[in-house]
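In our numbering, the protein residues as written are 108 to 369. Using N, Cα and C, we set each Cβ at its ideal position, and we do this for glycine too. One structure is given here, and the rest of the page talks about it.
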Ligand code: HEC
Ligand code: HEC
Ligand code: HEC
Ligand code: HEC
Ligand code: HEC
Ligand code: HEC
Ligand code: HEC
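Shown next as structure tokens:
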């Protein structure tokens with residue numbers, strides 16, 4: 108693992124430790140919570156889950172979270188199965204079942220204990236309606252992972268467009284004239300958790316498009332004007348952004364116009 112990743116990981120773990128400390132004084136910010144707790148239960152370690160959940164323990168090692176796991180009792184609540192599912196002793200004593208164990212499927216609070224940056228993103232003015240409960244982390248992230256062909260950034264990143272498509276068919280469908288930008292994923296233009304910009308856009312103005320559609324400069328182009336390809340865009344851009352000025356409204360693709368105007 109390279110140094111940056113290790114550093115980020117240490118930060119996340121440090122955040123957890125801090126969270127645990129803070130919540131021990133009852134009056135501090137309620138949003139900061141400790142490692143998941145289950146009344147009367149203690150941590151037992153990943154090995155104790157293996158007997159009944161072999162599929163998970165086997166693939167876990169290769170997942171984004173598993174890479175930081177050590178089989179060490181002191182770390183059980185911080186990196187293993189129980190860092191998300193809570194201490195497992197009562198669940199195991201009771202022979203499993205749906206009781207005495209946390210399933211974070213409905214509620215991402217457990218994840219946000221560690222991912223404080225993500226928590227901040229979901230608090231931005233425009234965000235996916237996660238805090239409201241209409242979708243959770245698992246809509247886009249596979250928590251157990253294990254597929255070696257997945258890139259390491261983001262648990263389900265190879266399926267980014269696919270996972271967005273399950274809810275946003277209109278933007279992700281096939282078009283006669285596709286916009287090649289989408290091949291790099293929806294996240295080229297959208298911040299998946301939240302953004303200060305409407306529609307979760309990464310940038311609010313034409314710069315979002317000019318990143319890839321470089322302006323022609325110098326030579327025959329008069330100073331102060333914006334040329335994209337061979338077209339003078341100077342006057343167009345005074346009317347608004349590339350997509351809101353009445354021009355490239357079909358930014359995700361078009362079935363009728365290769366310039367994505369309608
Ligand atoms: C003795 C067998 C056994 C052991 C050991 C065991 N479990 Fe389970 N677990 C089960 C059974 C059975 C279910 C219910 C599955 C079902 O109904 O489909 C279950 C369900 C779960 C669920 C889903 C709960 C829900 O509400 O949907 C989670 C999460 C879970 N176990 C995690 C763990 C973890 C983490 C460990 C180790 C600390 C562990 N289990 C150890 C048998 C076991
Ligand atoms: C990063 C957090 C995280 C870690 C670590 C983690 N899980 Fe899970 N687990 C989840 C989430 C989230 C779900 C709900 C998944 C879903 O709905 O697709 C889940 C679901 C489950 C379920 C229930 C599946 C069902 O069909 O109801 C079991 C069993 C389980 N996990 C076992 C484990 C075991 C065993 C480990 C350790 C090897 C582990 N998990 C590690 C987050 C985690
Ligand atoms: C106990 C702390 C902890 C909990 C709980 C936790 N994570 Fe993580 N998570 C980490 C650490 C540490 C990493 C590794 C950081 C890295 O790779 O940069 C990580 C990595 C990730 C990554 C990949 C980040 C990347 O850049 O590759 C995603 C996505 C993620 N977690 C989502 C979740 C989700 C969803 C949940 C809840 C189901 C969750 N996490 C619960 C600590 C935690
Ligand atoms: C709408 C889909 C979606 C939801 C819901 C979602 N994520 Fe993500 N998440 C993504 C995508 C896509 C990326 C990759 C972003 C990138 O590469 O720019 C990502 C990246 C991450 C990362 C890596 C660091 C980063 O920000 O790039 C972490 C950690 C993470 N998500 C945690 C979470 C947690 C925790 C939740 C639930 C509270 C959650 N995510 C809910 C889509 C989602
Ligand atoms: C589980 C379903 C689900 C998934 C998966 C999902 N979204 Fe969403 N998305 C929603 C919901 C619900 C809203 C809120 C719509 C509303 O409030 O009208 C939303 C809103 C948005 C908006 C803002 C729309 C607006 O009009 O302001 C954008 C942009 C967006 N999602 C992009 C994405 C991207 C990119 C991904 C993949 C990384 C993704 N979504 C994955 C359900 C989902
Ligand atoms: C080239 C940049 C770009 C890419 C890539 C992109 N979008 Fe968008 N998206 C936009 C812009 C710009 C808007 C705002 C359009 C408007 O306000 O009229 C938008 C708006 C949206 C909306 C709000 C509804 C609407 O159409 O106004 C959703 C949902 C959405 N995008 C989903 C997606 C999904 C899913 C993907 C990946 C399949 C994706 N976007 C890829 C630029 C992009
Ligand atoms: C990640 C890079 C990327 C981003 C960001 C991007 N595009 Fe594109 N776009 C492309 C590529 C690649 C093509 C196909 C090659 C070409 O025609 O330049 C393309 C093609 C187009 C075309 C068709 C051009 C033609 O003559 O057929 C239009 C119009 C367009 N993009 C508008 C936009 C708008 C508007 C935005 C901002 C919302 C945007 N693009 C953002 C990469 C991008």
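Asked: For ligand 6, enumerate in chain order all residues having a CB closer than 5 Å to any of its heavy atoms.; Found: 268, 271, 275, 278, 279, 288, 289, 293, 295, 296, 306, 350, 358
Asked: Just to confirm my understanding: we take residue 188, look at its own chain, exclude 5 residues before and 5 after, and list those with CB closer than 6 Å. What are they?; Found: 153, 156
Asked: Could you have a look at residue 172 and say whether DSSP puts it in helix, strand or coil?; Found: coil
Asked: Checking the sheet assignment: what are the DSSP bridge partners for residue 335?; Found: 322, 338
Asked: Which first and last residues belong to the alpha helix (DSSP H) in which residue 277 is found?; Found: 276-279
Asked: Using a threshold of 7 Å, is the CB atom of residue 242 nearer than that to any non-hydrogen atom of ligand 4?; Found: yes
Asked: Cβ-heavy atom distance between residue 248 and ligand 1 below 7 Å?; Found: no
Asked: For residue 237, which three-state DSSP category applies?; Found: coil
Asked: Using three-state DSSP, classify residue 198 as helix, strand or coil.; Found: helix
Asked: Which of helix, strand or coil does DSSP assign to residue 242?; Found: coil
Asked: Can you name, in chain order, every residue of its own chain whose Cβ lies under 6 Å from the Cβ of residue 272, other than the five neighbours on each side?; Found: 279
Asked: For residue 203, write down the residues that DSSP places opposite it in a beta bridge.; Found: DSSP, once it has assigned bridges, lists no residue as partnering residue 203.
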